[in-house]
Every structure is written in C-alpha cells, then in structure tokens.
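Data first, discussion second: the structure below is written as structure tokens.
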C-alpha cells in the first residue's frame, strides 16, 4: 500500500509543470467545508492512506507532509509508515504552520495549487496574505482528482426525506420567517447557505449523503421573497418536491449554483466567508454587496426549542436502555475470551437498532481496549482488532441517530483488574467531569471560561488532553455542531439556554491506556443571582458510570453526592423499560458509592 501511496503522490506531481505550480494542498473537506465527507471527496485519504477525519496534505516537488491534530497523532504515525509522507503534529510548539513550511520549501515567484471548492474564502485570504510575504502565489486548480483518481466513487445520490415537525418543533416556513427577520438586522436582502447541517435544519429535510451525518449535499439561497435550492434532481422524490413547493422553494440543479451566483441581482448578500468555499464566494456577482457575517441559522439551530428538548430526553432514555442491555451483556461475555473490539461494536449496534426511531450511528464507534484506548479516535480494523480480557480498561465512545435526537456517550469500562495508575487517572477524569457538570455560571459565560474546571484535577498532576472538553451536538444532525464549545481555545460564543454540549475530559497514555468519561449536558436556568441570571448544566445522558476504577478517597463529599444522585436518576428513568434481571443488574451498578 505504501508504494501505491507514493505512486499517487508522483502522479499529482506530474501535473505541476502543466499547471505552473510547485506545491499542492489537499484538505479533508468537501465543497461545503464539512467535517465528515462523502466518499467522493475523500481525496486526502485516497492520496495519503490516512483515514482520520481531520488532516491536510501538502505536496511539494520533493516533500510531502500531513498536518493533523492530537486525536490522530498515533493513528497517523501508524498509517503513514513506509510512505514518503512526514507527520506534522498541530498545536505543538515545534510544528511549523503550512504557510511557514511552504515559505521554507518554495522560492519567491513560485505558486501553490489548491482546489478552490475545498477551502473557505476566509482561509484562502489568510493563506494568500501569509504566502505573499514570501512572494508565493495561490492558484486555483479545479479538482485535479477527477483526472488522477480513476475509480473515484460517484457523487452521493440518496434521496432526501422530510424531518417531521413533531420532531423538529418548528416548520420550515416558521424557520425561514425567523431567518428573514434576522437578516433585516444585518441589513442583508439575502442569505447564502452552504453548510449542510444549516440547510437540513432550515428546510426540515434529512438525507443519507454523509456516513453517520443525515445531511443532503446542496446549497440554499434565501431572498426576501424567493428561496432557491440547488440539489441534484434525482435526490428529490415526488413527496419532497410537493413539500418544497408548498414551502415556497424553487428547485435548481446542484451544478447551477455558481452560474446563479454570478448573475444574482439582489442588492446585498449575507455570506459567512468561513463557511463558504472560495470558488462559490468568487462567483458572486461583483455588483452585489457582500455582507460578511455568521449565518443566523448557526445560533438558531443550536438553541433547542421545547419539542426538541422533549425529543432529546426521549432519545437519551431509549439510548440508555440499549446501553444498559449492552453493558450487562459485555460483563457476562468478556470472561469467555471470544469477544473483540469489533465484535462488541457490532453487539452495541444490535442493541441500539432494537430501539424506536433509530436511524443509525451518529459516528463510528471507538472501542479501544487497553493501549488502543490511548488512540483518541481509534477505529478497530481486522488488522488491529484484539480480544478483550478480564483486566484493564475498554474505552467505548459511541452514539446514535434517532428521529428525535442525536446521542454521544463515552464510558471507560473496567473489564477486571486495574493498576493503581489506571484507577488514579480514571478518578481524576471523573472529578473533572463532575466539576463541569456541577458548574453554575452567569449569563454571558463562554465555554473557554469553564474549560479549566474539567482539566484542573489532571493539571495538578502534570497531565492534560489536547482535544476540546465539549462540543455542540445536532438534533438528528451532525454529532459535532457549533457555534458553542468548551475548550482551551477562545470562542466568543456564549453558552445559552437550550444549547446541548458534551462534557468529555480524558487522559491518554501511549502504549498503556486511555480514559474518557462523556455525557451530554443541556444548558438550563439556575435562577437569579448577583448582577443577573445564572445558568447551569442538566446532564441528559442516562447510563451508569463504571464504579470499579474509582478511588473513593480522591472524591469530595459533593462529588460523591453528585455521582450518587446521577446514578439514582439513571435507575429511575431506565428501570421501567428493563426486565427484572436487567433491573437488578442496573440497581447494583447505580447503588451508592
């Protein structure tokens, strides 16, 4: 495989002289700048062999580098073995940025090729500014993969379907009306959307174009009177066509969007240059005033309405039932020695698939046993799959899509005997998780201001994790959603009532073990206090947290009280849907520490 990868890189280099470039950059995204993409756009994976969801390949005439984040350091190192690709670890002090690397490797007057549909307008502008300092240009080369990737998967063609108002809580007509009101505040006459989750939310449509993310590849233009939807015609069923007609939506083919933008006659257009690809942005009629700003949909979508919140609770309950059945089965099955990382993933899928309104996984399950748990986004393959034994930790990060909500949960499960180090790490992560879960904070607080709560117990022992502590979660949509986050990096978006966010501190020790405990939390009122109103988190995930790894002496009285109260809630909410044997098992797992 490594020779095949090197040959693919050489095939791309063969285009350099024809195109007048000395380097080419391939990110992990698609024309909608999605985090997870349809197979048709997995160009970076095809040319590098690296299968992680995040990473950028840079190819010069004599060097190739992959830039990726801490979730994928171990995985990338393994998958790049034998290829000419060098790993560049993002966020580490010694790692150069891509622009710095290119300035070092190229000469003044050289040019770097990009496919303009794979980069945001904002990113291209930033790169141009950085590279211009070294007198290096950026050149748009539309989709060279069309020529090189001979067995490339076709564009996704699955039909769109309607997400009913009983799950979404608001009709598409209501949502578009609110969006138009918000546009007036920006003095914009129209809004261009290319983020797939924003389009799906606005139109109350879902699809199967991206693995685990129920979105539809399309673009949407909302004007004062008209709505234009750009989508492949074969994706529109008669039912969806009728639904869109009654919603006032005009249909156009997906390929027409650039031409339409080129001729657009609206006075002003709100565009988010961070979420719109460079090619689309460049196509907009120069006579149209472009207003830069975040789409109003971003925040509207993140704040759950009452119906969505009811759905979240219902989905968490069904998901919790599936997880309890699975955890009971796992405990009984592991001593046989026949279960592996892959087999338990399949078994968990089976339990979830029995639940009402189940629509599939919300991401590929991470089942990492012992040292595999230290690979943050590990995915077992037939080559890496290992049998589970009654000792050490299994880190299990999984989630499901239901019509009424999306789930995401991580449990680190003690399969048997643990070392003191494993127990200590497990307990410290639990302390951080509880500290964040118990947080009360004034309205206007940002996620970065709370992040330290989850990290302090491990910081005090000289440990850290480089991924975020919390990400937003969509509503039968993408499992990773903005605009809010809880992480060390500053994010100006405040945490607001109705936002759903993960709480997932972790610690990872290469070659030994990984620990992560994750629940989803909803921002709810905490009453009035000094200088205004306060907010708090309601933990909505329902599943026992493994008690075997806990060193009780490291927990405070308040932490133990939170833990016992959470477990009491889990038992009360889930036990009515379990049989007697399962109830007894859950009773034991949720009794007081």
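Residue numbers (full-length UniProt numbering): 1 to 593.
Each residue gets a CB set at the ideal place from its N, CA and C atoms; glycine is no exception.
None of the values given here were measured: they were computed from a predicted structure.
- Within the UniProt domain "Creatinase N-terminal" (8-139), the complete beta strand (DSSP E) segments of 3 residues or longer fall at 23-26, 56-60, 64-68, 85-89, 111-114, listed in chain order.
- For residue 470, the enclosing beta strand (DSSP E) covers residues 470-472.
- For residue 519, no alpha helix (DSSP H) segment is defined; the enclosing uninterrupted segment is the beta strand (DSSP E) at 519-529.
- Exclusion of the five residues before and after residue 566 leaves 539 as the residues of its chain whose Cβ lies within less than 7 Å of its Cβ.
- From the listed residues 59, 243, 195, the smallest Cα separation to residue 275 is found for 195.
- Looking at the DSSP output, residue 263 sits in no beta bridge, so it has no partner there.
- If you draw a 10 Å sphere on the C-beta of residue 272, you find 16 or more other C-beta atoms in it, and that means buried.
- Per DSSP, residue 366 is one residue of the beta strand (DSSP E) stretching across 366-369.
- Setting aside the 5 residues that flank it on each side, residue 279 is surrounded in the same chain by 116, 117, each with a C-beta closer than 6 Å to its C-beta; the list follows chain order.
- In the DSSP assignment, residue 177 falls within the alpha helix (DSSP H) that extends over 172-185.
- The alpha carbon of residue 72 has as its nearest neighbour, out of 102, 366, 587, the alpha carbon of 366.
- Residue 22 counts as buried, since at least 16 other C-beta atoms from the protein chains shown sit within 10 angstroms of its C-beta.
- Relative to residue 121, the option among 523, 31, 107 whose CA is nearest is 31.
- Cα atoms of residue 136 and residue 8: separation of roughly 25 Å, rounded to the nearest angstrom.
- Across the structure, residue 441 and residue 461 are spaced so that their CA atoms are roughly 26 Å apart.
- For the pair residue 89 and residue 158, the Cα-to-Cα distance works out to about 36 Å.
- Counting only runs that start and end inside the region 178-246, the alpha helix (DSSP H) elements of at least 4 residues fall at 196-203.
- Residue 351 sits in a helix when the DSSP states are folded into three classes.
- Per DSSP, residue 400 is one residue of the beta strand (DSSP E) stretching across 400-402.
- Shown here for residue 277: same chain residues with a beta carbon closer than 8 Å to its own, the five before and five after excluded, namely 31, 32, 33, 116, 117, 118, 119, 120, 121, 194 in chain order.
- Annotation for residue 465: no beta strand (DSSP E) segment contains it, and DSSP assigns it neither H nor E.
- For residue 166, the secondary structure class from DSSP, reduced to helix, strand or coil, is helix.
- Here DSSP, grouped into helix, strand and coil, assigns residue 503 to strand.
- Note on residue 284: 16 or more other CB atoms within 10 angstroms of its CB, so buried under the neighbour-count rule.
- According to DSSP, residue pairing for residue 397 in a beta bridge involves 366, 410.
- Collapsing the DSSP output to three states places residue 514 in a strand.
- Relative to the Cα of residue 209, the nearest Cα in the group 476, 217, 202 belongs to 217.
- Non-local C-beta neighbours of residue 249 in its own chain, meaning closer than 6 Å and more than five positions away in sequence, comprise 227, 229, ordered along the chain.
- Residue 452 and residue 150 have their alpha carbons spaced roughly 49 Å apart.
- Looking at the DSSP output, residue 591 sits in no beta bridge, so it has no partner there.
- About 6 Å separates the beta carbons of residue 368 and residue 514, which is inside the 8 Å limit, making them a contact pair.
- DSSP, reduced to helix, strand and coil, places residue 569 within a helical segment of the structure shown.
- For residue 394 against residue 415, the beta-carbon gap comes to about 6 Å, under 8 Å, which counts as contact.
- By the neighbour-count criterion, in which a residue is buried when 16 or more other Cβ atoms sit within 10 angstroms of its Cβ, residue 400 is buried.
- Assignment of residue 449 by DSSP, reduced to helix, strand and coil, places it in the helix class.
- Non-local C-beta neighbours of residue 439 in its own chain, meaning closer than 8 Å and more than five positions away in sequence, comprise 450, 453, 536, 537, ordered along the chain.
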